[in-house]
Each structure stands twice: as C-alpha cells, then as structure tokens.
Amino acid sequence: MAVYTDVAADELADFLKQYDLGELLSYKGIAEGVENSNFLLHTSKGSFILTLYEKRVAKNDLPFFLALMTHLAEHGINCPLPVKARDGKALRELSGRPAAIITFLEGVWPRKPNATHCAGVGEALAKMHLAGADFAVRRANALSVSGWRPLFDAASDRADEVQPGLRAFLAAELDYLSSGVWPSDLPEGVIHADLFNDNAFFLGDQLSGIIDFTFACNDMLAYDVAICLNAWCFEPDHSFNVTKARAFLNAYGRVRKLSQAEEAALPLLARGAAIRFLLTRLVDWLNVPPGALVKPKDPLEYVRKLRFHQSVTSVRDYGLIPSGLVA
Ligand SMILES: Nc1ncnc2c1ncn2[C@@H]1O[C@H](COP(=O)(O)OP(=O)(O)OP(=O)(O)O)[C@@H](O)[C@H]1O
Ligand SMILES: N[C@@H](CCO)C(=O)O
1 MAVYTDVAAD ELADFLKQYD LGELLSYKGI AEGVENSNFL LHTSKGSFIL TLYEKRVAKN
61 DLPFFLALMT HLAEHGINCP LPVKARDGKA LRELSGRPAA IITFLEGVWP RKPNATHCAG
121 VGEALAKMHL AGADFAVRRA NALSVSGWRP LFDAASDRAD EVQPGLRAFL AAELDYLSSG
181 VWPSDLPEGV IHADLFNDNA FFLGDQLSGI IDFTFACNDM LAYDVAICLN AWCFEPDHSF
241 NVTKARAFLN AYGRVRKLSQ AEEAALPLLA RGAAIRFLLT RLVDWLNVPP GALVKPKDPL
301 EYVRKLRFHQ SVTSVRDYGL IPSGLVA
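Those letters in the sequence shown? Residues 1 to 327, per UniProt numbering, in order.
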C-alpha cells in the first residue's frame, strides 16, 4: 500500500474547502502503487482521487503532468482530469506535500492480462502518442540513459545481497547501453513511460482509460512501446509470451505504424526499459522508508526480462514480420 504521508480528516476537510466538491463523506488510503500517496475521496459530489506527490517527482514537473492529462483528455484519451480549486489552480499543497485532486476513472486494472488486454493497451498507447503530438510543454526523461548511472551508484554496494552477481551484471549492461549504442534519431514525442497493467483500467476486456502520468516525458515513442512490451508481454514465471507481444504490437501498429528503424531498435530499447525498472526497483527494495505502507516490487523480475532481450536479434522474436518483408 502506498501511503507515505498520512492526512488527518480535519486537515482534509479544510483542504476541500478550497474546492467546489461538496462535503467530504469518507476517504481512505489506496492499497496500490509505489510512488505517491493516493487517497480515494467520496464527497457529496462524487468520487475523486487525491494524490500527494512524493520522492521521485520533482515539484517543477507537476504542472507538466497536470497540463498533459488535461490536453490528452481534450484530445479524446480517456484519462483522469485534474480538478481545479475555486482559484482556478489544480496544484496545491497538503501535509507538506504537493497535492492534486483528479477525477475518478471507472474500471479495474487486469491482474492477469490476456492478449485482448495487450491489444487494448497497444491501441491506447498509439492513440496517446498521436494525441500528444501537439502538446507544447516539454519535459526531458530524467530516467533515460544518463539517469541510470546514479541509480546504479545508489544501489550497487548492496546489489549482491539481492542476488549474487547482480552488481557485475548491471555494471556490464550499463556500460554497454551507455557506450554510444542508444538510439538518438528515432521519432520522439510525449510518452507515458510507466504504462504497466496497474495503470490501465478495463471494463471487461475493453480498455476504459489510462492513469498515472507521473513519469510522462518527451522521449522516443518506441521506447514507450518497449516499456509496455516488458510490462505486458511476460508471464508470471517471466517467460516471454509472443502471442501477447504480437497482439500488442499489431494493435499499436494499426494506429501508428512503427518505422523499420524503430522496429530494429526494439530489442535495444527493451533492454534499456528493463534496466530502468530494474534499477528503480532495486533502489526501492533496498530503501523502504520506515513506517511507509508500501510493498516494493521485485527487481529480479527485470533481470530475467533483460536476459531475454539480450538474446533477441530480430523483431521476429517479438512475433512481428519485419516491415518491408512480405509475410
Ligand atoms: N483517476 C483514478 N481513478 C480511479 N482510481 C485511481 C485513479 N488514480 C489512481 N487510482 C488508484 O490508485 C492506485 C495508485 O495510483 P497510481 O498508479 O497513480 O499511484 P503511484 O503510486 O504513482 O503508482 P505506480 O506504482 O503505478 O507509479 C491505482 O492502482 C488505482 O487503484
Ligand atoms: N511501474 C513501476 C513502478 C512505478 O514506477 C514498476 O513496476 O516498477
């Protein structure tokens, strides 16, 4: 459960006086997520989500996330809308943290995603990439290649406590990915950068919306595809599911076709996407704040994913016929 910062009922009731959301009926900390503190609010005007932004999120970046959600919602993407207080501002402060209220999105995230869910996510991701094309605000990806080394440095001393040999494995992979191989000429735009199964809501098999834009940034669109490939297309035993990958990539491609260069870069991008989440998970695993209600995510899941991508040589391994070739 991610509640790093608790909020007292009277403090919350006072906070809500700044909004036109009616009276607070009840609220509770949400038993999911690892990054921020989230609360479900029931007021006389409906249900809302209150987020207190924690640790990895820089305060300066919050206007980007809130403006992006508004932009995407206005461009047909089903995502939460920031709620403005009476003074017109959505971003405020509560319990010493930057805080915002967003609208509640119906649906549940799939605990056991199937190929239909993967296709839904592929389509939604591509639509998000197109909808973000004319979003004017920019935010660099703080967790791209140059951001991985500090994470490694923060965790490397104790990495072998988590798995013997992990430090050397990570060091070698980081050296490789920062040796000039990382692509710099692929199409860029606004990416979600964290579209895991707990950030995509479904009603039945139909995607009802996407949430959690706290890692959204400008980067290669195909990198977002690689993040999803990792998050959606492996089984609980960490084996790669080519049927899910094909469903995801084909659905993405029907909305936004990947170029040959993007396809060719996928194995490398997937390695980068794997080490990014491996490293943040490792840092979190080794540094659970005392008293925080949070269940850190398993970094080793990503060791196995990374090893898989290290063995991939062609997009065929992801279930795709390379562009330009006849089936
Ligand atoms: N707009 C929303 N509508 C409905 N439920 C929501 C909404 N936003 C968040 N939630 C609920 O809160 C949970 C945590 O939210 P979120 O994923 O934004 O938190 P986080 O700490 O940033 O998580 P993550 O670990 O995915 O980065 C979600 O899984 C969902 O149950
Ligand atoms: N989705 C991330 C956590 C939030 O950034 C992970 O599974 O490691």
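Yeah, the Cβ is synthetic: ideal placement off N, Cα and C, and Gly gets one too.
Integer-rounded CB distance, given that residue j should sit under 8 Å from residue i
| i | j | result |
| --- | --- | --- |
| residue 263 | residue 315 | 5 Å |
| residue 66 | residue 95 | In fact, because the Cβ distance is near 19 Å, the residues do not count as touching under 8 Å. |
| residue 21 | residue 83 | 7 Å |
| residue 187 | residue 221 | 5 Å |
| residue 375 | residue 121 | In the structure as shown, the chain starts at 1 and stops at 327, and residue 375 therefore has no counterpart that could be examined. |
| residue 320 | residue 249 | 5 Å |
| residue 301 | residue 238 | 6 Å |
| residue 209 | residue 105 | 5 Å |
| residue 141 | residue 219 | 4 Å |
Where residue i sits in the DSSP three-state scheme
| i | result |
| --- | --- |
| residue 29 | strand |
| residue 113 | coil |
| residue 310 | helix |
| residue 108 | strand |
| residue 326 | Unreliable positioning characterises residue 326 in this predicted model, as indicated by a pLDDT of 44, which lies under 50. The coordinate reading is nonetheless provided below. Residue 326 falls in the coil class under three-state DSSP. |
| residue 228 | helix |
| residue 135 | coil |
| residue 267 | helix |
| residue 186 | coil |
| residue 246 | helix |
| residue 234 | strand |
| residue 158 | helix |
| residue 40 | strand |
| residue 275 | helix |
| residue 179 | helix |
| residue 140 | strand |
| residue 48 | strand |
| residue 301 | helix |
Length of the line joining the Cα atoms of residue i and residue j
| i | j | result |
| --- | --- | --- |
| residue 201 | residue 192 | 15 Å |
| residue 90 | residue 44 | 19 Å |
| residue 268 | residue 11 | 48 Å |
| residue 327 | residue 195 | For residue 327, the predicted structure reports a pLDDT of 42, less than 50, and the residue's modelled location is therefore unreliable. A value from the coordinates is still provided. Distance between the alpha carbons of residue 327 and residue 195: 30 Å. |
| residue 29 | residue 313 | 44 Å |
| residue 25 | residue 190 | 37 Å |
| residue 169 | residue 198 | 28 Å |
| residue 77 | residue 229 | 21 Å |
| residue 146 | residue 33 | 25 Å |
| residue 307 | residue 322 | 22 Å |
| residue 211 | residue 75 | 15 Å |
| residue 61 | residue 139 | 7 Å |
DSSP beta-bridge partners of residue i
| i | result |
| --- | --- |
| residue 206 | 203 |
| residue 218 | 140, 190 |
| residue 92 | 99 |
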